[in-house]
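Encoded as structure tokens, the structure appears first; notes follow it.
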Amino acid sequence: MELIILLLVALAVLAALVVNRFIHHGNPFPFHKKTQLFTHIERSFLHLLERAVGGQYKIINRVKLADILELKDNADNKTRRAASLKLNAKYLDYVLCNTDDMSIVAVIDLVNNANKDGHKAVPDWFVSGALEASGIPYIRMKIKAGYTVADIQQGLAAKLGNIPMAAPPVVKGTVKKGPTRPVRPLTPSLPPQTMKPNTTALVQIG
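See below:
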């Protein structure tokens, strides 16, 4: 009788070990949900960026480089294979798109160069070269405390020109009378030499 009990205990232990091994080592879906989609820094910057563009552009996050670039037809097979691997391995933090047709306007990457291992601390020659060759403006913005909406607008203006902000809605009875004499133009927020809209060379802010 005791032998039977010992055998049953041994079988129970063996079954528990097999089940445990299956759960922890053979489970094809060893995942759990992240608590947040974005880090605190990514989330804070996104809020500022949304205010900076004022609804003039759509902001798409974490976009694969292969989603916005495609290979030319005349590329040879070896070049195509190597380039395809790199395109699919590279991710961009933010992509600005036109609200009407979702055409690509610019790419923004956050940069943490506090140390050499920081997020995109070392410029990626493949990303910057591919975007340059494709005519897509590329902006690298350094992660730092105290960013304001105006800071981001100036960084965007250096590549895209001043962003036309949507006029506030006019409510009947609140329209103010304009000036009755000529008013001199406002001084641009950036020096003229930095206002280069529609250029594609990389700009690093911060």
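According to my numbering, the sequence shown is numbered sequentially starting from 108.
In this text, a Cβ means the ideal position worked out from N, Cα and C, and glycines have one as well.
These numbers were taken from a predicted model, which means no experiment stands behind them.
I'd like the span of the alpha helix (DSSP H) that includes I175, first residue to last.
L172 to I175
Simplified DSSP state of L144, which is helix, strand or coil
L144: coil per DSSP, three-state reduction.
DSSP on A196, reduced to helix/strand/coil?
Looking at A196 - three-state DSSP - the assignment turns out to be helix.
Beta-carbon spacing of L199, K249 below 9 Å:
no
Distance, Cα to Cα, N220 vs A252?
13 Å
Could you check where the alpha helix (DSSP H) with L263 kicks off and where it finishes?
Looking at the DSSP string, the run of the alpha helix (DSSP H) that includes L263 is V256 to L267.
Pair within 9 Å by beta-carbon distance, L155 and Y254:
A contact, by the Cβ cut-off of 9 Å.
To which residues does DSSP link D216 through a beta bridge?
R247
In whole angstroms, give me the CA-to-CA distance for S191 and A173.
8 Å
Buried or exposed (CB count within 10 angstroms, at least 16 for buried), A122:
exposed
Classify F138 as buried or exposed, calling it buried when 16 or more other Cβ atoms lie within 10 Å of its own Cβ.
exposed
L203 - DSSP class collapsed to helix/strand/coil:
If DSSP states are grouped into helix, strand and coil, L203 belongs with the strands.
Identify every residue that forms a DSSP beta bridge with K165.
The partner list for K165 (beta bridge, DSSP) reads C204.
DSSP puts I211 in a beta bridge; with which residues?
C204
Give me the Cα-Cα distance between L114 and V120, rounded to the nearest whole angstrom.
10 Å
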